[in-house]
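Numbering (this note's numbering), first residue to last: 6 to 325. Just so you know, even glycine gets a beta-carbon here, dropped at the ideal spot from N, CA and C. This structure is a prediction, so every number in the text was calculated from the model and none was measured. Here the structure is laid out as structure tokens; the discussion comes afterwards.
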């Protein structure tokens with residue numbers, strides 16, 4: 006029945022598009038926060054009714070799995086979680102319909118550089134010999150991969166740096182993507198929607214990130230809208246399950262002895278659905294401990310939405 010109903014499959018994937026989470030370390034593991042009954046109801050609303058058994062088959066065929074209880078302390082759930090999910094889905098559609106870029110950003114797990122063990126196997130004539138212990142003190146430093154995923158084009162850019170994961174690094178990574186790819190793909194477009202987590206180098210509560218974001222907006226003459234995912238929901242950020250697990254797979258079983266070697270293997274990332282990954286190295290030292298300007302909050306051009314302003318705001322280009 007499923008094979009004879011392409012419209013049912015299409016509607017199913019449309020429903021799951023904004024309700025999918027994934028494991029950044031395993032490309033074949035996906036979850037959804039919708040129940041079988043909720044999916045069946047939404048399918049009926051779209052004109053393709055299906056019972057729970059058919060929904061279960063669809064979920065299984067597309068790699069969705071149910072979660073098992075784990076004996077770990079729950080971190081809680083924000084009261085505005087669902088409202089923000091609906092807001093992000095609305096914004097994504099608005100920007101995509103208008104032909105504007107929608108990008109998902111995040112920093113992948115840092116990797117030690119050196120002859121360190123990495124899980125996985127490789128095709129090779131000789132065995133890969135690595136250190137028997139992964140002591141950071143014996144490494145040649147760490148590489149930090151900052152990723153940018155173009156939702157419309159199913160393309161990703163990964164920028165490698167051996168310094169620190171800071172808001173300045175995140176903004177320079179976005180600027181490099183825009184100048185090398187974004188402005189070519191989206192010529193004469195003045196708006197950008199950026200989806201990101203609520204913490205890390207792009208923290209929702211960080212005014213230093215907002216200051217660096219404002220400077221980026223000024224340099225690019227681009228209106229940059231930010232939509233943060235709610236607390237404890239980082240795995241719903243598209244780059245987490247559409248890019249990072251495939252990068253992990255591309256680097257399995259090989260020690261990353263240098264930044265250049267990390268670039269070489271990450272560039273091999275590919276999927277059957279046509280994902281492309283461009284890798285660049287940002288050779289710059291980013292300082293930690295920076296403070297935003299004392300008058301920034303008073304004079305900033307950041308415009309906060311009336312709806313959940315902590316998570317939704319726009320950096321407007323200005324000459325200030």
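Mind checking whether residue i and residue j have CB atoms under 8 Å apart?
{"i": "residue 261", "j": "residue 161", "result": "no"}
{"i": "residue 63", "j": "residue 14", "result": "yes"}
{"i": "residue 109", "j": "residue 200", "result": "yes"}
{"i": "residue 283", "j": "residue 252", "result": "no"}
{"i": "residue 314", "j": "residue 194", "result": "no"}
{"i": "residue 286", "j": "residue 165", "result": "yes"}
{"i": "residue 57", "j": "residue 70", "result": "no"}
{"i": "residue 180", "j": "residue 230", "result": "no"}
{"i": "residue 152", "j": "residue 111", "result": "yes"}
{"i": "residue 303", "j": "residue 159", "result": "no"}
{"i": "residue 122", "j": "residue 243", "result": "no"}
Given residue i, which residues of its chain have a CB within under 7 Å of its CB, disregarding the five upstream and five downstream residues?
{"i": "residue 79", "result": "Below a pLDDT of 50, predicted positions are generally treated as unreliable, and residue 79, at 42, falls in that range; no measurement from the model is reported."}
{"i": "residue 39", "result": "24"}
{"i": "residue 219", "result": "305, 306, 307 and 320"}
{"i": "residue 117", "result": "139, 141, 144 and 147"}
{"i": "residue 85", "result": "235 and 313"}
{"i": "residue 310", "result": "317 and 318"}
{"i": "residue 267", "result": "116, 148, 165 and 261"}
I think residue i touches residue j, with their Cβ atoms under 8 Å apart; what is that distance to the nearest whole Å?
{"i": "residue 319", "j": "residue 308", "result": "5 Å"}
{"i": "residue 357", "j": "residue 171", "result": "Since the displayed the chain opens at 6 and closes at 325, residue 357 lies outside it and no answer follows."}
{"i": "residue 256", "j": "residue 241", "result": "About 24 Å separates the two Cβ atoms, so there is no contact after all."}
{"i": "residue 322", "j": "residue 226", "result": "5 Å"}
{"i": "residue 16", "j": "residue 51", "result": "4 Å"}
{"i": "residue 4", "j": "residue 258", "result": "With the chain covering 6 to 325 only, the question about residue 4 has no answer from this structure."}
Which residues in the same chain as residue i place their Cβ atom closer than 6 Å to its Cβ, once the five residues preceding and following it in sequence are excluded?
{"i": "residue 22", "result": "none"}
{"i": "residue 232", "result": "93, 96, 200 and 317"}
{"i": "residue 297", "result": "212, 213 and 216"}
{"i": "residue 12", "result": "53"}
{"i": "residue 168", "result": "290 and 291"}
For residue i, count the other beta carbons within 10 Å of its own beta carbon; 16 or more makes it buried, fewer makes it exposed. Which is it?
{"i": "residue 27", "result": "buried"}
{"i": "residue 140", "result": "exposed"}
{"i": "residue 45", "result": "buried"}
{"i": "residue 300", "result": "exposed"}
{"i": "residue 246", "result": "buried"}
{"i": "residue 65", "result": "exposed"}
{"i": "residue 134", "result": "exposed"}
{"i": "residue 177", "result": "buried"}
{"i": "residue 175", "result": "buried"}
{"i": "residue 173", "result": "buried"}
{"i": "residue 273", "result": "exposed"}
Is there at least one Cβ from chain C nearer than 8 Å to residue i's Cβ?
{"i": "residue 43", "result": "No chain C is present in this structure, which holds just one protein chain."}
Tell me which same chain residues have a C-beta within less than 8 Å of the C-beta of residue i, skipping the five on either side of it?
{"i": "residue 228", "result": "195, 196, 197, 222, 319, 320, 321 and 322"}
Enumerate, from N- to C-terminal direction, the unbroken beta strand (DSSP E) stretches of 3 or more residues contained entirely within the region 25–64. 25–28 and 31–37
Please go through the region 230–301 and give each complete beta strand (DSSP E) segment of 3 or more residues, from N-terminal end onward. 281–286
Taking the runs of the beta strand (DSSP E) that are 3 residues or longer, which of them lie wholly in the region 145–177? 147–155 and 160–166
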